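> I'd like to ask some things about the structure below.
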Amino acid sequence: MRLSHAWLALQAIAGREIAKFVRQGGRFASALVRPLLWLVVFAAGFQNVFGVSIIPPYDTYIPYQVYIVPGLLGMVLLFNGMQSSLAMVYDREMGMMRLLLTAPLPRSFLLFAKLLAGTLLSVLQAYVFLVIAWLFDVEVPWAGWLTALPVIVLAGMMLGALGLLLSVQVRQLENFAGTMNFVIFPMFFVSPALYPLWKLEESGAAVVHAVAQWNPFTHAVEAIRFALYGQLAATSLAIVAGCLAVFFTLAVRGYDPQRGMLRRTGGKPA
Amino acid sequence: MNERMNTAVDASPRTRDSAQAGAALELADVRKAYGTREALRGVTLKVDRGEFVALLGPNGAGKSTLFQLLTGLFNADSGRLAVCGHDIRKAPVAALAHLGVVFQQSTLDLDLGVAANLKFHAALHGLGGRHARDRVADALGRLGLTERAGDPVRELSGGNRRKVELARALVHEPAVLLMDEATVGLDPASRRQLLDEVLALRARGVAVLWATHLVDEAEAADRVVVLHRGQILAEGRPQALADQAGTATLADAFLQMTGGGGERSD
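Put into structure tokens, the structure is as follows:
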């Protein structure tokens with residue numbers, strides 16, 4: 001694979017994703033309105049109910065809105081990751097996937113390019129959300145905008161790779177909504193996005209607490225939370241990176257001509 | 001890296017390094033089964049440079065499976081497939097680089113313009129900048145689509161969409177062109193036009209494998225290969241096949257060989 005060739009292909013694939021995203025103005029709006037509703041409405045209503053005590057990385061009492069910013073950033077990444085995989089399923093139904101997979105480039109690179117393109121959009125949306133949160137007076141340290149960037153990129157890639165993996169399994173567009181419900185909501189709620197996990201422990205929900213520890217999204221949120229305050233959540237970060245490697249490897253396997261979805265979808269006599 | 005050097009080499013038009021060696025397209029004893037159903041039962045086939053071969057078979061004969069194997073979307077269970085000497089399994093990237101494909105199902109991005117679709121394809125094949133622009137303009141010009149370059153594909157007729165797909169498949173100047181039932185859904189005039197465009201490619205040394213279930217399209221071919229239930233029943237010049245079967249026309253010969261069409265429910 002020539003470097004210039006790979007670069008051209010990556011630009012083209014990313015360019016196409018971005019152009020598509022720009023055309024679908026509604027997608028951008030809903031991607032931002034969703035977390036904003038949580039921030040403005042939900043957080044306002046619940047801030048006195050929850051009462052967050054001082055836990056790392058925070059060194060002082062923080063308003064509930066500030067607590068849920070990392071979780072909502074994770075939500076933005078999660079939704080966009082799933083949306084990108086929806087696009088993969090759509091591309092497959094529309095035949096575009098064939099064009100992509102018959103390009104003279106290693107298949108793993110083509111999938112990686114897709115993943116990077118989706119992540120680019122994820123990160124972009126995450127930062128637009130940070131700006132909006134700031135406009136609503138929900139502030140994170142300025143340095144955090146910078147220190148969180150690599151973590152947001154990594155978390156975005158991990159959740160995008162999860163979406164990629166799901167697109168192997170979900171063969172039809174119609175089935176996608178169900179998958180979203182079974183993936184997005186459990187991942188989001190069984191995580192420290194909305195409340196610190198010790199709250200679960202305290203209220204005796206030991207099983208949920210244990211499950212949350214196994215939830216990759218938990219670690220994505222925690223890694224982002226610490227990074228926003230200039231701290232390194234090494235374990236969470238390592239888990240996010242590990243999940244990225246596992247999800248992506250499985251997705252590449254899934255798109256392998258001998259094993260994956262193509263065998264099953266195309267397996268029917270044409 | 002030695003990126004620049006590679007680019008310079010590639011910029012010289014028509015680097016047909018390995019195209020000279022042997023047939024442009026070669027299949028040897030290719031087999032593929034889906035579960036217990038054997039889609040291809042030992043297919044051996046060769047297409048030379050500048051040759052137009054029609055792969056004629058009723059629906060369900062295994063044509064689509066063959067194309068899926070040739071484009072690396074599936075792997076064969078056994079046998080060998082090579083494009084310009086590059087084994088599709090061992091060197092898929094090199095093989096795909098020499099391959100142009102028009103799929104049965106449209107693979108155009110309807111939201112993009114005509115030229116934009118071609119440029120996307122050019123980039124996937126490592127062509128960029130002025131080089132890509134020239135190739136795209138060239139391909140569109142050849143098919144009389146220059147004036148439609150800026151139009152969204154969505155606004156094009158079925159016939160023109162197919163032409164865009166053919167133009168796109170030619171952007172990277174492939175040595176081998178695969179056409180998978182490319183005329184399905186077209187009116188007779190568009191069908192003829194598309195066939196003529198592809199026939200004209202022979203003069204440029206392009207090897208064409210044209211899959212169809214329509215006998216009249218196969219009549220224009222240099223060689224016809226009749227595929228039925230995953231096996232090659234006969235091959236030769238259109239008239240020779242009729243003579244061999246003792247029938248007046250290729251159509252009669254085809255019907256006789258495939259048992260009145262031989263279409264199966266799949």
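Heads up: the protein sequence lines correspond to chains A and B, in order.
Using UniProt numbering, you'd call the opening residue of the first sequence number 1 and step up by one each time.
Using UniProt numbering, you'd call the opening residue of the second sequence number 1 and step up by one each time.
Think of the CB as a built atom: it goes at the ideal place given N, C-alpha and C, for glycine as much as any other residue.
Everything numeric in this text was worked out from a predicted model, so none of it was measured.
Taking the CB atoms as reference points, tell me whether Leu-81 of chain B and Leu-40 of chain B lie closer together than 8 Å.
no
> Applying a beta-carbon distance threshold of less than 9 Å, which residues of chain A neighbour residue 328 of chain B?
As displayed, chain B neither begins before 1 nor continues past 266, which places residue 328 of chain B out of reach and without an answer.
> Could you pull the start and end residues of the alpha helix (DSSP H) that Asp-252 of chain B belongs to?
250-257
> Are there three or more Cβ pairs, one per stretch, closer than 8 Å when the stretch 85-105 of chain A is compared with the stretch 124-139 of chain A?
no
> Any beta carbon of chain A sitting closer than 8 Å to that of Ala-123 of chain B?
yes
> Taking the alpha helix (DSSP H) that Lys-63 of chain B falls in, what are its first and last residues?
63-70
> Residues in its own chain within less than 7 Å of Leu-96 of chain B by CB, not counting five upstream and five downstream?
Closer than 7 Å at Cβ, skipping near neighbours: Gly-72.
> Between which two residues does the alpha helix (DSSP H) holding Lys-163 of chain B run?
158-170
> For Thr-71 of chain B, return the contacting residues in chain A, with the cut-off set at a CB-CB distance below 7 Å.
Thr-102
> If the cut is a Cβ gap below 9 Å, which residues of chain A does Asp-111 of chain B touch?
Ala-19, Lys-20, Arg-23
> Does DSSP classify Pro-152 of chain B as helix, strand or coil?
strand
> Output needed for Glu-38 of chain B: all residues of its chain with C-beta closer than 6 Å, excluding positions within five of it in sequence on either side, in chain order.
Only Gly-230 meet the Cβ criterion.
> Which whole-angstrom value describes the C-beta separation of Ala-126 of chain A and Leu-77 of chain A, a residue pair presumed to lie in contact below a C-beta threshold of 8 Å?
6 Å
> In angstroms with no decimal places, state the Cα-to-Cα distance between Lys-90 of chain B and Ala-207 of chain B.
Roughly 22 Å between the two C-alpha positions.
> Output needed for Ser-108 of chain A: all residues of its chain with C-beta closer than 8 Å, excluding positions within five of it in sequence on either side, in chain order.
Val-252
> Under 9 Å Cβ-Cβ, which residues of chain A neighbour Val-101 of chain B?
Arg-98, Leu-99, Thr-102
> Measuring only the C-alpha atoms, how far is Leu-56 of chain B from Thr-247 of chain B?
17 Å
> Any beta carbon from chain A within less than 8 Å of Ala-175 of chain B's own beta carbon?
no
> In whole angstroms, what separates the C-alpha of Gly-113 of chain B from that of Tyr-67 of chain A?
46 Å
> Looking only at DSSP bridge pairs, what is Lys-32 of chain B linked to?
B:Leu-40
> Measure the C-alpha to C-alpha separation of Gly-153 of chain B and Leu-199 of chain B and round it to an integer number of angstroms.
In the sequence on display, residue 153 of chain B carries Val and not Gly. Between Val-153 of chain B and Leu-199 of chain B, the C-alpha separation is close to 25 Å.
> Mind listing the chain B neighbours of Pro-106 of chain A? Cutoff is C-beta to C-beta under 9 Å, in chain order.
Scanning chain B for C-beta atoms nearer than 9 Å to the C-beta of Pro-106 of chain A yields Pro-92, Val-93, reported in chain order.
> Rounded to the nearest angstrom, what separates Ala-206 of chain A and Leu-200 of chain A at their Cα positions?
A direct Cα-Cα distance of roughly 7 Å separates Ala-206 of chain A from Leu-200 of chain A.
> If we require 4 or more residues per run, which alpha helix (DSSP H) segments fall completely within the stretch 70-157 of chain A?
96-101, 107-135, 142-147
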